[in-house]
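Just below is one structure, and these are the notes that go with it.
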Amino acid sequence: MKYAWLVLGVFAARFLSTAIAFPPGDGDLFWQRRLGASVLANHAVPRALGNEAFAAPGAPWVPQEWLFGIAAYLGRSGWGWDVFSGACALAALAAMTIACLHAVRRGASPVDVAICVALAGIALFESFGVRAQVAVWPLLALFLLLLDIDGPWCYAAAAVAAVWSNLHASAMLAPILAGMVAFGSALDERRIGKRTRRLAIVAVLCAVAICCNPFGWDLPRYAIGLFNNPIKSYITEWKVTDIDDLSFVGGALPLLLLAMILGTRGTPEAPNDRRWRDFLLLGVFGFLVLSAARNVNIFGIAALPIVASALARRNFFGLVAQRPPTRIDRIAAVAFPVGTFAVAIAIAARLISTTPPATGLANAPLAALSKMPGDHRVFCADFAWCSLLLGVPHESVFLDGRADPFPRDVWEDFARVIRLEPSWRDILARRGVDTVVAKRYSPLDQALELARGWRPAYTDKDYRLWLRSTATRT
Amino acid sequence: MTAGALGAAERERSSEIGAASSAVSAASTIYRTAYVAIALGIVALAASAAPDPAALALDRFLGARIVATRAIPLHLGAETFTAAGAFSGGLGWLGALTVYVFSLGSEAIARFVTIVATLATFALVELRARRAAGRVYALAAVALAAACALGELGIAGGIVTALFATGLAYLLERPGPRTVVAVTLLTVIWCNVAPQGLLAPAIAICLVAFKRVDPTDAVAVAQRRWGRIACAATALAIFATPALFSYPLLAFEGLRVDRLLSGIVAYHPMDVAPLAYRLGFGLAVLAALATGTVRGREDRIPLLVFAAMLALANGAYVVVFGALAAPLLAASAVAAFGKLGNQTLGSVRGDAVAGACVLAFGALLAWHFGAAAAPPPGFALAASLARDSQPHRLYCANVDWCDAALAGSPRVRVFMDGRVAAYPNTIWDAEHDTRTLKPHWRKRLDDFRVDTLLLQKDRAFATIIAMSGGWREVAGDASAVLYERRAVRR
Chain A
1 MKYAWLVLGV
11 FAARFLSTAI
21 AFPPGDGDLF
31 WQRRLGASVL
41 ANHAVPRALG
51 NEAFAAPGAP
61 WVPQEWLFGI
71 AAYLGRSGWG
81 WDVFSGACAL
91 AALAAMTIAC
101 LHAVRRGASP
111 VDVAICVALA
121 GIALFESFGV
131 RAQVAVWPLL
141 ALFLLLLDID
151 GPWCYAAAAV
161 AAVWSNLHAS
171 AMLAPILAGM
181 VAFGSALDER
191 RIGKRTRRLA
201 IVAVLCAVAI
211 CCNPFGWDLP
221 RYAIGLFNNP
231 IKSYITEWKV
241 TDIDDLSFVG
251 GALPLLLLAM
261 ILGTRGTPEA
271 PNDRRWRDFL
281 LLGVFGFLVL
291 SAARNVNIFG
301 IAALPIVASA
311 LARRNFFGLV
321 AQRPPTRIDR
331 IAAVAFPVGT
341 FAVAIAIAAR
351 LISTTPPATG
361 LANAPLAALS
371 KMPGDHRVFC
381 ADFAWCSLLL
391 GVPHESVFLD
401 GRADPFPRDV
411 WEDFARVIRL
421 EPSWRDILAR
431 RGVDTVVAKR
441 YSPLDQALEL
451 ARGWRPAYTD
461 KDYRLWLRST
471 ATRT
Chain B
1001 MTAGALGAAE
1011 RERSSEIGAA
1021 SSAVSAASTI
1031 YRTAYVAIAL
1041 GIVALAASAA
1051 PDPAALALDR
1061 FLGARIVATR
1071 AIPLHLGAET
1081 FTAAGAFSGG
1091 LGWLGALTVY
1101 VFSLGSEAIA
1111 RFVTIVATLA
1121 TFALVELRAR
1131 RAAGRVYALA
1141 AVALAAACAL
1151 GELGIAGGIV
1161 TALFATGLAY
1171 LLERPGPRTV
1181 VAVTLLTVIW
1191 CNVAPQGLLA
1201 PAIAICLVAF
1211 KRVDPTDAVA
1221 VAQRRWGRIA
1231 CAATALAIFA
1241 TPALFSYPLL
1251 AFEGLRVDRL
1261 LSGIVAYHPM
1271 DVAPLAYRLG
1281 FGLAVLAALA
1291 TGTVRGREDR
1301 IPLLVFAAML
1311 ALANGAYVVV
1321 FGALAAPLLA
1331 ASAVAAFGKL
1341 GNQTLGSVRG
1351 DAVAGACVLA
1361 FGALLAWHFG
1371 AAAAPPPGFA
1381 LAASLARDSQ
1391 PHRLYCANVD
1401 WCDAALAGSP
1411 RVRVFMDGRV
1421 AAYPNTIWDA
1431 EHDTRTLKPH
1441 WRKRLDDFRV
1451 DTLLLQKDRA
1461 FATIIAMSGG
1471 WREVAGDASA
1481 VLYERRAVRR
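Protein sequences appear in the order of chains A and B. Everything in the first sequence is counted per our numbering, starting at 1 for the first residue and increasing by one. Everything in the second sequence is counted per our numbering, starting at 1001 for the first residue and increasing by one.
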């Protein structure tokens, strides 16, 4: 692990500074805070959209991130924010550390672990932020570690799955992964032995555990529904993984190529007794990573221990591990983590003090709108911007960052307007939209300029706010 | 032992031999049937695949010009009004001429040539796989390579690249003096046929440069020497084109892997070859995860990695990935699942594998025909400009449409055609900014005096143009719409 600490230190600096110093870029935190406030105030998790979403009031909602929402609300400003966002950075680090320990447990040498954790860290890079997904990374790493333990501890994976299901719907993966590992174990053992039976029980327990949340069976049902949900085509994270993605090409892809080169079967001298378990796990995560950019990070976490141990079996850098530890090694084992984390904190502090706050959520036009008199029914060219308007008096939105609960017809209308399909003006009229926020010079902005019945109410160098000229105000 | 007992023993033995012979014969029949079935499937795929209309149109246009002028055009001509005179190096002139010559005959001849090229490619894949892995895995390798070719077997499709790449790999696996000559000639031809000839030195280096040999093995040492000579020969052969030393730069852009071309050309595997990517590439990844590479044969790794990166950089090369990687994976499979690969003719497992391959391939074939894509949109509208006696200065939202327009009418001049590599970066930027309606897009259209627009129907550009007032819709089909300036000055 000694070299891995160095790598972890570098990523600690990056993650801490990104989390604390950079404001969120996707608008999710705004509605998650509102969700958290609602849960704390009403002592209940909301199950439907309210009137603030004028296109779909009352639409059923599974707010999967409710626990994260509470934390986001409690840590919304001041020291609370530093603690909350710092915790997200630590979650990413914890995931990497657990995966490293998993790799060491599987016999990977320090150099193997360091190489793989560097690649896994890059795989986390682009997805990292103060987000619910990040909070579940350590749970995924822990879950995979527990599944790999040949003993009663593997039952603890079900408890992890239960916690996971209260943070994010990706907990749906838990029973699938456990089932795969159980099946792989049967293939490895060439019989249904004790380990296989235990893992099969864990898979069943996980299936029950992911219902241990305020939504019960609705959570897995919601997750299954996502597979065939058209809204994925409108969300950047769901786009098919491309070689242009830094995290993919610099992190997940090298790990995948290493896995392909090394294989899961081991060598004649060091056969892999987890051959089929590793194959099935990598197969599932390989499918996921090539399917959507949002899965690049979880592939990194899952592949790290498997690839590092495969490297060790090939003995690429294994000689370092076989040497008995010297006094310098023992000192380094303490000095590396302490030193690197000290450097990380120093770099993070420096970055935090020098990095200007980022924008990109149409903050200025929306702030201007909230000061304008009357009620507004707002259409945001990027639906995430509208998250900033949730809870603002007199403002209701067509579609916002909660995304999932909005019905299919709302999404289709949103896409038609954004693409300027011939019916775009009719849709805005039919839905009663009287306010549009668009990027300046974007196609929608140009179309509104050419269309009759709209006037610019606010303009800056990035955005323009359009109001319907004949809008009726109450 | 009595004579009667001996006779009985002999009869028993001869009946055992007879049973074994008939088992071998039955197994041979199964294998032959499997090979024939897969060959027929590949023929069916190649024969039924829709030709790439854009590539064909541009090649016919260039081929006709070569025949008419009896010279290879080294610069973009007056057919483009944005970059006339830009150096194009005559990239792919031999391929264009070949397509033109075949297009003079019936389409059946062209299809027949494609089928022959396809069969030759898969025969080379089979030969490479059989060298390293035996018959069972060779069959599986062909099936895997075919899965990577789904949707890519049309006339002038990726199969040409796969044929040259596989031929080169086949020759370089056992290099010798004659191989060097053959490899050099092959590279020269490939570079003159298509910009993908640039891949030849890369493939040669991947195959040869990392090979480890036993210094006491004289044959292996000699092969390595000849392999290195072949590498150098391919590196030099790429300059034997009309573009000379400009070839590498032009050909690199012609590979369409440069992200500066994003939006102008499609490159993502899911857009370019979705079936081949999801099925073929996915299966190859799974096969590699299960087998890995053979210890001591790490020299195979660079080619596998190179082919995978190429496929991810542009989906058009998934077929090349399949043709290059399938034999390597077959060789690894022998080491990983040796019992299966060592099955002799007549074994139940071997027959089961062969049968499963045929069944899997049949299923893929059925899926392929079930998901046959509709003809590409917009081409008919582009070709319809040929019926117009007026000259046009045409901007196409899809550069492939401009190829069809060029091939259809000598009076059409275009903003940008499929030879994107030859256009300067400033024109790439102008094209991108116009297509995405960046500020000043109207001024760009005015500056270049564009008078005709071929746009995707129901998209932002068409809607803005329809609202603009200075343009009128003159034609349209289900997916594209043609606009002309209201006050056209020609």
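We put the CB at the ideal spot given by N, CA and C, even for glycine.
Buried versus exposed, by CB contacts within 10 Å (16 or more), residue i
| i | result |
| --- | --- |
| residue 166/A | buried |
| residue 1211/B | buried |
| residue 84/A | buried |
| residue 131/A | buried |
| residue 1234/B | buried |
| residue 1292/B | buried |
| residue 77/A | exposed |
| residue 1203/B | buried |
| residue 127/A | buried |
| residue 79/A | exposed |
| residue 306/A | buried |
DSSP bridge partner residues for residue i (one or two, in chain order)
| i | result |
| --- | --- |
| residue 1075/B | 1087/B |
| residue 466/A | 436/A, 456/A |
| residue 267/A | Answer is none; residue 267/A lacks a bridge partner. |
| residue 1454/B | 1396/B, 1482/B |
| residue 1413/B | 1393/B |
| residue 396/A | 377/A |
| residue 60/A | 48/A |
| residue 1080/B | 1414/B |
| residue 53/A | 397/A |
Close beta carbons around residue i, own chain, < 7 Å, minus the five adjacent residues each side
| i | result |
| --- | --- |
| residue 1113/B | 1102 |
| residue 70/A | 36, 39, 40 |
| residue 1372/B | No answer about residue 1372/B holds up, because its pLDDT of 47 lies below 50 and its placement is not dependable. |
| residue 388/A | 27, 30, 361, 363, 366 |
| residue 356/A | Here residue 356/A scores only 48 on pLDDT, less than 50, and its place in the model is too uncertain to base an answer on. |
| residue 207/A | 175 |
| residue 1464/B | 1437 |
First through last residue of the beta strand (DSSP E) which encompasses residue i
| i | result |
| --- | --- |
| residue 1471/B | 1471 to 1476 |
Residues of its chain near residue i, where Cβ-Cβ distance is below 8 Å and the 5 sequence neighbours each way are ignored
| i | result |
| --- | --- |
| residue 62/A | 47, 169, 215, 218, 219, 222, 404, 405 |
| residue 93/A | 8, 11, 12, 15 |
| residue 285/A | 295, 298, 299, 302, 303 |
| residue 1220/B | 1213, 1214 |
| residue 1021/B | Residue confidence is low: residue 1021/B scores 48 on pLDDT, short of 50, so the model does not pin down where it sits. No coordinate-derived value is stated. |
Neighbourhood of residue i by C-beta, 6 Å cutoff - its chain only, sequence neighbours within 5 removed
| i | result |
| --- | --- |
| residue 95/A | 137, 138, 141, 301 |
| residue 435/A | 376, 378, 467 |
| residue 1158/B | 1152, 1316, 1319 |
Start and end residues, alpha helix (DSSP H) containing residue i
| i | result |
| --- | --- |
| residue 1461/B | 1460 to 1468 |
| residue 1179/B | 1177 to 1193 |
| residue 363/A | 363 to 371 |
| residue 1521/B | This structure cannot settle anything about residue 1521/B, because the visible part of chain B is limited to 1001 through 1490. |
| residue 297/A | 296 to 314 |
| residue 88/A | 78 to 105 |
| residue 1159/B | 1159 to 1172 |
| residue 218/A | 218 to 226 |
| residue 476/A | With chain A running from 1 to 474 in the structure shown, residue 476/A is simply not present. |
| residue 188/A | 173 to 189 |
For this session: Could you name the residues of the segment 178 to 194 of chain A whose beta carbon sits closer than 8 Å to any beta carbon of chain B, in the order they occur along the chain?
Result: none
Problem set entry | Interface residues of the segment 248 to 270 of chain A facing chain B [CB-CB below 8 Å] | 253, 256, 257, 259, 260, 261, 262, 263, 264, 265, 267, 268
For this session: Please list the residues of the segment 439 to 451 of chain A that have a C-beta atom closer than 9 Å to any C-beta atom in chain B, keeping them in chain order.
Result: 440, 441, 442, 443, 444, 446, 447, 450, 451
Exercise. Residues in the segment 221 to 244 of chain A with C-beta within 7 Å of chain B's C-beta atoms, listed in sequence order?
Worked result: 240, 242, 243, 244
Problem set entry | Residues in the segment 1446 to 1469 of chain B having any Cβ partner in chain A nearer than 7 Å | 1458, 1459, 1460, 1463, 1464, 1467, 1468
Problem set entry | Interface positions of the segment 1254 to 1270 of chain B facing chain A (Cβ-Cβ less than 7 Å), listed along the chain | 1259, 1268, 1270
For this session: Could you list the residues in the segment 451 to 464 of chain A with a C-beta less than 8 Å from some C-beta on chain B, going in chain order?
Result: 451
For this session: Using a Cβ-Cβ cut-off of less than 8 Å, give me the residues of the segment 1300 to 1319 of chain B that come near chain A, in sequence order.
Result: 1301, 1304, 1305, 1308, 1309, 1312, 1313
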